[in-house]
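Going from the sequence shown to our numbering is simple: count from 1 and add 73.
The beta carbon of each residue, even a glycine, is placed where N, CA and C say it ideally should be.
These notes concern the structure reproduced below.
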Amino acid sequence: MTTTSATTTALTHIAQLVTNDPALGEGPLGLMRDAAVVIDGDRIAWVGPSGKAPATDNAVDAGGRAALPGFVDSHSHLVFAGDRTEEFNARMSGRPYSAGGIRTTVAATRAAGDDVLRANVARYLAEGLRQGTTTQETKSGYGLTVEDEARALRIAAEQTDEVTFLGAHIVPPDYADDPAGYVDLVTGPMLDACAPHARWVDVFCERGAFDGDQARAILTAGAARGLVPRVHANQLGHGPGVQLAVELGAASADHCTHLTDADIDALAGSETVATLLPGAEFSTRATWPDARRLLDAGATVALSTDCNPGSSFTSSMPFCIALAVRDMGMTPDEAVWSATAGGARALRRTDVGRITPGARADLALLDAPSHVHLAYRPGVPLVSAVWHKGVLV
74 MTTTSATTTA
84 LTHIAQLVTN
94 DPALGEGPLG
104 LMRDAAVVID
114 GDRIAWVGPS
124 GKAPATDNAV
134 DAGGRAALPG
144 FVDSHSHLVF
154 AGDRTEEFNA
164 RMSGRPYSAG
174 GIRTTVAATR
184 AAGDDVLRAN
194 VARYLAEGLR
204 QGTTTQETKS
214 GYGLTVEDEA
224 RALRIAAEQT
234 DEVTFLGAHI
244 VPPDYADDPA
254 GYVDLVTGPM
264 LDACAPHARW
274 VDVFCERGAF
284 DGDQARAILT
294 AGAARGLVPR
304 VHANQLGHGP
314 GVQLAVELGA
324 ASADHCTHLT
334 DADIDALAGS
344 ETVATLLPGA
354 EFSTRATWPD
364 ARRLLDAGAT
374 VALSTDCNPG
384 SSFTSSMPFC
394 IALAVRDMGM
404 TPDEAVWSAT
414 AGGARALRRT
424 DVGRITPGAR
434 ADLALLDAPS
444 HVHLAYRPGV
454 PLVSAVWHKG
464 VLV
């Protein structure tokens, strides 16, 4: 979505503006009160007191509402067909989650036509956008053949710039007796077909999926083709995923539910972001990640939805913020930062996740006087307007 003419718009009388720039306002969120933002084309041109806003072509009165950067959802799985309602219903009746459920979605996705997959991606991106998500990463991982993984990435890349190759989601049934052969496929022909369509390479380093040696081989091969690593790490139990992510300079280690002191120290001493996905714990009744422990150690934390049909079928970043505050030990300020600037860090982006001159003009206006209401009023659709690349959507 792009602007069609060079127009300027001033959003004025913002009761509380989250800039994520401490040079502009109070604390890590750079909070400003009675603020204004000027949008020029697809960029932020000016931020300051509402009474000092320069003249613009258009003006929007925020009417004492709060505004914040568009959410940056740095972990999702949107290229799929079907759903897993029956699995969810059974799990809520007491059956524990296991990685094997992915196979159900693989079968449905392989059988679906391109138009079905394309429409599903568009639907979930639109859901997120209505709730304030203006930057969205998404992955392959439900095809698990050379053709189907490449198809998934092509479809994803039509609609978002942040595309991740996750051929190493699970070992598919057709390779159940030859996991080494599947790793060879992922690091060879599949990578060849998929690398041109992706920015990132990911692996589910977990029991029931890929062990540390297999994950290292896949991530190293992807990096050699110019893809930046990210890792599904330490979701279902303790394992090598976090340490491997830090060792290989991954942009993020995602889930981070089961961490040792050494894992915490490794993350805190690195540039690897710990991306927490509370929707997965909510939907599987699993142990909550301890965000407080990570933050107190100095690790960088992001929040994301993990939107997928099996373990976290939500596209709502506000919902994840509320969960993080209620059940993961985060303050409302920390959760909002992690859902905006933290997600940008996890995607190694400097143009999103903040409202500062030169940043992309992605903003969410809340029907509330403060960003704290995202946690204070859980489940309420507070996002009343969204600007994406300078366009009111």
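Considering just the uninterrupted stretch of the beta strand (DSSP E) at M105, what are its terminal residues? Residue 105 sits at position 32 when you count from the first residue of the sequence shown. Taken as a continuous stretch (DSSP letters only), the beta strand (DSSP E) holding M105 covers M105 to D113.
Taking only the alpha-carbon atoms, compute the straight-line gap between D234 and G114 and give it to the nearest angstrom. The sequence position of residue 234 within the sequence shown is 161, counting from 1. The sequence position of residue 114 within the sequence shown is 41, counting from 1. If I take the Cα positions, the gap works out to 19 Å.
How about V111 and A88: do their beta carbons lie closer than 8 Å? Here residue 111 corresponds to residue number 38 of the sequence shown, with the count starting at 1. Here residue 88 corresponds to residue number 15 of the sequence shown, with the count starting at 1. Taking 8 Å as the Cβ cut-off, V111 and A88 do not qualify as a contacting pair.
T62, enclosing alpha helix (DSSP H) - first and last residue: No answer is possible for residue 62: it lies beyond the span of the chain, which begins at 74 and ends at 466.
For Q209, write down the residues that DSSP places opposite it in a beta bridge. As a position in the sequence shown, residue 209 is number 136, starting the count at 1. In the DSSP output, where bridge partners are listed per residue, Q209 has D146.
Anticipated Cβ contact below 8 Å, A397 with A364, distance rounded: Sequence index remark: in the sequence shown, residue 397 carries index 324 (1-based). Sequence index remark: in the sequence shown, residue 364 carries index 291 (1-based). Right, the Cβ-Cβ distance comes to about 6 Å (below 8 Å), so this counts as a contact.
Using the Cα positions of V466 and H311, report the straight-line distance between them to the nearest angstrom. If you number the sequence shown from 1, residue 466 lands on position 393. If you number the sequence shown from 1, residue 311 lands on position 238. For V466 and H311, the distance between alpha carbons rounds to 42 Å.
Count the other CB atoms, across all protein chains shown, that sit within 10 Å of the CB of G214; report buried if there are 16 or more and exposed otherwise. Translated into positions along the sequence shown, residue 214 becomes position 141. Label assigned to G214: buried.
Residues sharing a beta bridge with G121, DSSP: Start at 1 with the first residue of the sequence shown, and residue 121 comes out as number 48. A109, per the DSSP bridge assignment.
For P405 versus L455, is the C-beta distance shorter than 8 Å? Working through the sequence shown from its first residue, we reach residue 405 at position 332. Working through the sequence shown from its first residue, we reach residue 455 at position 382. No, the pair does not count as a contact, with Cβ atoms beyond the cut-off.
The stretch 250-267 in contact with the stretch 290-309 per 3-pair CB rule at 8 Å: yes
Alpha-carbon spacing of I228 relative to D107, whole angstroms: For the purposes of this step, residue 228 is taken as residue 155 along the sequence shown, with counting starting at 1. For the purposes of this step, residue 107 is taken as residue 34 along the sequence shown, with counting starting at 1. In a straight line, the C-alpha of I228 is about 42 Å away from that of D107.
Kindly indicate which three-state DSSP category F355 falls into: helix, strand or coil? The count along the sequence shown starts at 1 and reaches residue 355 at position 282. In this structure, F355 counts as helix in the three-state DSSP scheme.
Would you mind giving the Cβ-Cβ distance between V276 and H305, rounded to the nearest angstrom? I have them listed as a contact below 8 Å. The residue you call residue 276 lines up with position 203 of the sequence shown. The residue you call residue 305 lines up with position 232 of the sequence shown. About 7 Å separates the two Cβ atoms, so the contact holds.
Classify S166 as buried or exposed, calling it buried when 16 or more other Cβ atoms lie within 10 Å of its own Cβ. Here residue 166 refers to the residue found at position 93 of the sequence shown. Exposed, since its Cβ has fewer than 16 Cβ neighbours within 10 Å.
Check whether the stretch 420-437 and the stretch 357-372 touch, using three or more Cβ-Cβ pairs below 8 Å as the test. no
Pick helix, strand or coil for T77, following the three-state DSSP scheme. Taking the sequence shown and counting its residues from 1, the one referred to as residue 77 is at position 4. Because T77 carries a pLDDT of 42, less than 50, the predicted location of this residue cannot be relied on, and the following value inherits that uncertainty. Of the three classes helix, strand and coil, the one that applies to T77 here is coil, per DSSP.
What is the DSSP secondary structure of E220, counted as helix, strand or coil? Here residue 220 is taken as the residue at index 147 of the sequence shown, counted from 1. If DSSP states are grouped into helix, strand and coil, E220 belongs with the helices.
8 Å CB neighbourhood of A118 in its chain, flanking five on each side removed: As a first step, residue 118 must be located in the sequence shown, where it is residue number 45. These residues qualify, in order along the chain: T81, V111, I112 and P430.
So, at 8 Å on beta carbons, what are the nonlocal neighbours of T85 in its own chain, with the 5 sequence-adjacent residues on each side left out? One-based indexing of the sequence shown puts residue 85 at position 12. Same-chain partners within the cutoff: A109, S123, A126, A132, V133, D134 and A135.
What residues in its chain sit with their C-beta under 6 Å from that of P451, if we drop five residues either side in the sequence? Looking up residue 451 in the sequence shown gives position 378. So the list reads A395, once near-sequence residues are dropped.
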